[in-house]
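Chains as they are written, first to last, in this note's numbering: chain A, 1 to 113; chain B, 114 to 229. Just so you know, even glycine gets a beta-carbon here, dropped at the ideal spot from N, CA and C. Structure, as structure tokens:
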């Protein structure tokens with residue numbers, strides 16, 4: 001069972017446009033929500049993360065919006081650039097224990113010139 | 114920044130042989146390391162969690178005798194794929210949690226295993 005649902009599966013955005021990726025979760029035990037960027041043949045790298053007591057976090061061109069009541073969170077990439085073309089994964093970390101991280105299904109973003 | 118190194122980055126082996134993949138935290142101590150498996154165009158699936166000095170905890174459906182994990186020190190964890198078969202071909206990624214930190218994970222670059 002997929003604990004973190006992510007959409008869309010793929011996304012094509014014009015350079016300078018806004019890329020939006022959405023995620024939803026069920027487990028209320030999640031207490032930390034990171035987004036990762038992965039280029040082909042490489043490991044994922046942390047992009048930005050948010051905790052559920054905050055509704056929005058912005059770092060440069062990247063913004064996370066978090067809706068705790070709806071159990072949804074999204075990544076917005078402003079002024080998208082061709083170099084942003086990669087696969088993006090949302091994730092959720094479980095509180096307590098080993099604090100395992102569960103990944104979403106991924107979104108392949110292509111930014112066209 | 115924290116660096117996690119995986120070795121080898123690519124390995125090709127014959128069916129029936131065993132392959133060892135190393136995961137090292139280069140500039141920090143990692144109390145917990147995680148091993149993931151990723152098939153092409155798919156997400157990362159957690160295989161197991163390893164803690165220094167104790168037995169690894171495997172996710173449901175992951176064969177512990179097939180995927181041997183050893184966390185010998187605070188900077189090194191190894192994954193050994195025993196008696197590898199073509200269906201074990203995949204991209205294996207480790208991540209490490211820095212000791213004393215709030216839970217941030219640092220990922221290795223991954224290891225591509227191809228079993229012929």
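Residues bridged to residue i by DSSP?
i: residue 6 (chain A); result: A:23
i: residue 11 (chain A); result: A:109
i: residue 57 (chain A); result: A:64
i: residue 102 (chain A); result: A:92
i: residue 51 (chain A); result: Partner(s): none; residue 51 (chain A) has no beta bridge.
i: residue 182 (chain B); result: B:192
i: residue 33 (chain A); result: A:50
i: residue 132 (chain B); result: B:194
i: residue 146 (chain B); result: B:163 and B:209
i: residue 72 (chain A); result: A:24 and A:67
i: residue 45 (chain A); result: A:37
Is it buried or exposed, residue i, if we count other Cβ atoms within 10 angstroms and call 16 or more buried?
i: residue 146 (chain B); result: buried
i: residue 95 (chain A); result: exposed
i: residue 51 (chain A); result: exposed
i: residue 221 (chain B); result: buried
i: residue 43 (chain A); result: buried
i: residue 70 (chain A); result: exposed
i: residue 139 (chain B); result: exposed
i: residue 64 (chain A); result: buried
i: residue 10 (chain A); result: exposed
i: residue 167 (chain B); result: exposed
i: residue 12 (chain A); result: exposed
i: residue 128 (chain B); result: exposed
i: residue 201 (chain B); result: buried
i: residue 119 (chain B); result: buried
i: residue 206 (chain B); result: buried
i: residue 18 (chain A); result: exposed
Excluding five sequence neighbours on each side, which residues of the same chain lie with their C-beta closer than 7 Å to the C-beta of residue i?
i: residue 165 (chain B); result: 144, 184, 186 and 187
i: residue 157 (chain B); result: 149, 151 and 206
Give me, in chain order, the residues of the same chain whose beta-carbon lies closer than 8 Å to that of residue i; leave out the 5 immediate sequence neighbours on both sides.
i: residue 163 (chain B); result: 145, 146, 147, 148, 169, 170, 182, 183, 184 and 190
i: residue 85 (chain B); result: Residue numbering for chain B in the displayed model covers 114 to 229; residue 85 (chain B) lies beyond these limits and cannot be assessed.
i: residue 180 (chain B); result: 148, 160, 161, 171, 192, 193, 194 and 195
i: residue 173 (chain B); result: none
Tell me, to the nearest whole angstrom, how far the beta carbon of residue i is from that of residue j; I am working on the premise that it is less than 8 Å.
i: residue 141 (chain B); j: residue 211 (chain B); result: 5 Å
i: residue 30 (chain A); j: residue 49 (chain A); result: Incorrect: roughly 12 Å between the Cβ atoms, too far for contact.
i: residue 122 (chain B); j: residue 208 (chain B); result: Not really, about 16 Å apart at Cβ, beyond 8 Å.
i: residue 23 (chain A); j: residue 72 (chain A); result: 7 Å
i: residue 104 (chain A); j: residue 38 (chain A); result: Not a contact, Cβ separation roughly 12 Å.
i: residue 62 (chain A); j: residue 54 (chain A); result: The pair is not a contact, with the Cβ atoms about 14 Å apart (cut-off 8 Å).
i: residue 109 (chain A); j: residue 84 (chain A); result: 6 Å
i: residue 82 (chain A); j: residue 111 (chain A); result: 5 Å
Within a Cβ cutoff of 6 Å, which residues of the same chain sit near residue i, ignoring the five residues on either side of it in sequence?
i: residue 21 (chain A); result: 75, 88 and 107
i: residue 219 (chain B); result: 115, 117 and 209
i: residue 35 (chain A); result: 47, 48, 75 and 90
i: residue 92 (chain A); result: 4, 25, 30, 33 and 102
i: residue 60 (chain A); result: none
Members of the stretch 81 to 106 of chain A near chain B, C-beta cut-off 7 Å: Those would be 89, 93, 98, 99, 100, 101, 103, 104, 105 and 106, in chain order.
Report the residues of the stretch 183 to 202 of chain B with a CB closer than 8 Å to any CB of chain A, ordered along the chain. Residues of the stretch 183 to 202 of chain B whose Cβ lies closer than 8 Å to any Cβ of chain A: none.
Mind checking the stretch 38 to 59 of chain A against chain B and listing, in chain order, the residues whose C-beta falls within less than 9 Å of any C-beta there? 38, 41, 42, 43, 44, 45, 46 and 49: these are the residues of the stretch 38 to 59 of chain A whose beta carbon lies less than 9 Å from some beta carbon of chain B, given in chain order.
The stretch 204 to 225 of chain B: positions lying closer than 9 Å to chain A by Cβ: Correct list: 204, 206, 207, 208, 210, 215, 216, 217, 218, 219, 220, 221, 222, 223 and 225.
Could you run through the stretch 154 to 166 of chain B and flag, in chain order, every residue whose CB is less than 7 Å away from some CB of chain A? Answer set for the stretch 154 to 166 of chain B: 156, 157, 159 and 162.
Residues, ordered as in the chain, of the stretch 134 to 148 of chain B that lie near chain A by beta-carbon distance below 8 Å: Those residues of the stretch 134 to 148 of chain B that come within reach of chain A (Cβ to Cβ, closer than 8 Å) are 145 and 147.
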